[in-house]
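Remarks on the structure that follows.
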Amino acid sequence: MSNQQALIQEPMAIFAYLIAVVGAVFMLSTVDKKPLQKFFGYLPPLIWMYFLPMLSTTFGIIPQSSDLYGFMGTYILPAGLLLLMISTNVPATFKLGGKAVLVFLAGTLGVVVGGPVAYALFQGVLPDEAWRGVGALAGSWIGGSANLGAMQVAFDTPDDILSPIILTDTIVGIGWMGVMISLAGFQQRFNKWNKADNSTIKRVNEEIATDVQRNAKPLQLPQLFGILSIAFAGSFLVRVFADLSFIPKSDVMNTSTWTFLIITALGIALSFTKVRNLEYYGASKIGYAGIYLFLAAIGARANLMDIVDAPEFILMGLVWLAIHVLFLFTAARLLRAPLFFVAVGSQGNIGGTSSAPIVASVFQPALAPVGLLMGILGNVVGTYAALICGQLARMIAGG
206 MSNQQALIQE
216 PMAIFAYLIA
226 VVGAVFMLST
236 VDKKPLQKFF
246 GYLPPLIWMY
256 FLPMLSTTFG
266 IIPQSSDLYG
276 FMGTYILPAG
286 LLLLMISTNV
296 PATFKLGGKA
306 VLVFLAGTLG
316 VVVGGPVAYA
326 LFQGVLPDEA
336 WRGVGALAGS
346 WIGGSANLGA
356 MQVAFDTPDD
366 ILSPIILTDT
376 IVGIGWMGVM
386 ISLAGFQQRF
396 NKWNKADNST
406 IKRVNEEIAT
416 DVQRNAKPLQ
426 LPQLFGILSI
436 AFAGSFLVRV
446 FADLSFIPKS
456 DVMNTSTWTF
466 LIITALGIAL
476 SFTKVRNLEY
486 YGASKIGYAG
496 IYLFLAAIGA
506 RANLMDIVDA
516 PEFILMGLVW
526 LAIHVLFLFT
536 AARLLRAPLF
546 FVAVGSQGNI
556 GGTSSAPIVA
566 SVFQPALAPV
576 GLLMGILGNV
586 VGTYAALICG
596 QLARMIAGG
């Protein structure tokens with residue numbers, strides 16, 4: 206359904222609608238009724254925070270594109286991420302070790318291998334130059350939208366190929382994010398089956414939670430405005446700095462990429478100062494509020510009816526994703542890694558800096574920064590991985 210046909214058009218009205226959806230889901234998830242608790246135990250609140258806006262777009266309640274969605278990604282998401290990074294207990298987080306990185310890299314390899322394999326399987330029903338879209342989609346999945354643009358230029362992807370690739374990225378990528386969120390309720394069973402050592406994650410979570418509970422203080426207006434000023438003024442100034450001419454830019458390392466990198470570095474630096482004491486007043490909760498609203502905006506950008514427009518590309522994307530998942534779970538099995546590492550490793554590859562912290566927070570609320578770090582790692586390796594993936598697809602096409 207087109208934007209012109211959507212029931213709600215005005216940006217502030219869309220914003221109010223998304224807040225109402227997020228609020229209603231959260232309120233229902235806290236109702237002390239066994240059926241509801243069991244329901245949200247299997248399908249966590251966050252999956253509904255993006256699935257309900259997706260349904261709303263599909264049925265024409267809100268538009269699929271709006272200036273509001275871009276505004277939330279440009280300003281609200283960075284502000285929320287800055288608060289999360291400031292609240293990070295960095296020494297405790299680094300105790301997780303390198304196993305998470307190894308699982309992430311296995312997922313990256315799965316994307317690089319999966320693209321050419323999936324393309325080879327569907328080559329007969331795909332357009333002649335579809336291989337050019339394989340590199341673009343690999344770039345989008347591993348390195349985000351900035352890398353999508355870079356790979357589009359690198360492989361000279363035509364518009365008639367790029368359009369279904371973007372659709373596949375949206376449908377398959379967002380759909381997989383929902384699956385990841387829903388798997389959070391199965392952590393204990395998976396870890397037990399996999400004989401995963403989850404003790405470090407538990408210990409880090411307990412260390413962080415104990416510190417906050419021991420020092421928690423009621424939120425007062427001075428602290429509230431201090432938190433908001435750091436979040437919005439800080440993230441805005443970071444973006445202004447990232448846009449300055451002396452900061453080197455490229456198709457991949459653009460203003461948005463630099464903004465996330467600087468916010469991460471600044472947030473980690475501030476977490477070693479007294480600014481981190483704002484966490485005792487609930488800074489991370491306010492940060493999560495912004496991130497969850499952005500999650501709702503992600504869902505609003507997808508329309509389930511779009512699936513009928515490019516079925517062959519979407520099927521290729523599903524097979525591609527399945528190979529990525531196979532690599533992830535194989536690595537998790539060999540390393541005896543917990544499901545949390547699989548989730549952040551996958552979303553760091555397929556989702557990136559905007560959504561990996563969200564998935565991480567569903568699995569382990571205190572460890573959302575790990576998801577952000579995985580997303581940044583995806584930005585670092587995304588260009589090289591996508592170039593290899595695209596070249597392999599080109600070889601299969603005989604180009």
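Numbering (the working numbering), first residue to last: 206 to 604.
Quick reminder that beta carbons are idealized off the backbone N, C-alpha and C, glycines included.
Problem - Nearest candidate by alpha-carbon position, reference residue 407, set 569, 577 and 537 - result: 569
Exercise for the section: Following the continuous alpha helix (DSSP H) through residue 378, name the residue where it begins and the one where it ends. Expected result: 364-387
Problem - Straight-line Cα distance separating residue 382 from residue 214 - result: 27 Å
Handout entry: Sequence-distant residues of its chain with Cβ nearer than 7 Å to residue 421 (five each side left out)
Key = 485
Problem - CB contact flag (residue 555, residue 386, <9 Å) - result: no
Problem - Beta-carbon contacts of residue 414 that lie in its chain and below 7 Å, excluding the five residues immediately before and after - result: 571
Problem - Range of the contiguous alpha helix (DSSP H) that encloses residue 561 - result: 561-568
Exercise for the section: With DSSP collapsed to three states, give me the class of residue 294. Expected result: coil
Exercise for the section: Please specify which runs of the alpha helix (DSSP H), each continuous and at least 4 residues long, are wholly inside the region 230-303, giving them in chain order. Expected result: 239-247, 250-263, 272-276, 282-291 and 295-298
Handout entry: Under the three-state DSSP convention, the category residue 433 falls into
Key = helix
Practice task
Spatial neighbours of residue 357 within its chain, please: CB distance less than 7 Å, with the 5 preceding and 5 following residues excluded, ordered by chain position.
Solution key: 341 and 367
Exercise for the section: Spell out a yes or no on whether the region 530-545 and the region 303-310 are touching, meaning 3 or more CB-CB pairs, one atom from each, closer than 8 Å. Expected result: yes
Practice task
To the nearest angstrom, report how far apart residue 384 and residue 442 are at their CA atoms.
Solution key: 36 Å
Handout entry: Rounded straight-line distance, which links the Cα of residue 557 to that of residue 425
Key = 34 Å
Exercise for the section: Would you list, in sequence order, the uninterrupted alpha helix (DSSP H) runs of no fewer than 4 residues that lie entirely inside the region 299-351? Expected result: 304-327 and 336-348
Exercise for the section: Would you mind giving the Cβ-Cβ distance between residue 503 and residue 370, rounded to the nearest angstrom? I have them listed as a contact below 8 Å. Expected result: Not really, about 18 Å apart at Cβ, beyond 8 Å.
Practice task
Could you give the DSSP three-state label for residue 484: helix, strand or coil?
Solution key: helix
Exercise for the section: Below 6 Å CB to CB, which residues in the same chain sit around residue 444 once its five sequence neighbours on both sides are set aside? Expected result: 464
Handout entry: 6 Å Cβ shell around residue 262 - same chain, five flanking residues per side excluded
Key = 269, 505 and 508
Exercise for the section: Using only alpha-carbon positions, find the residue among 588, 325, 401 and 603 that is nearest to residue 313. Expected result: 588
Practice task
Report the option in 325, 302 and 482 whose CA atom is closest to the CA atom of residue 417.
Solution key: 482
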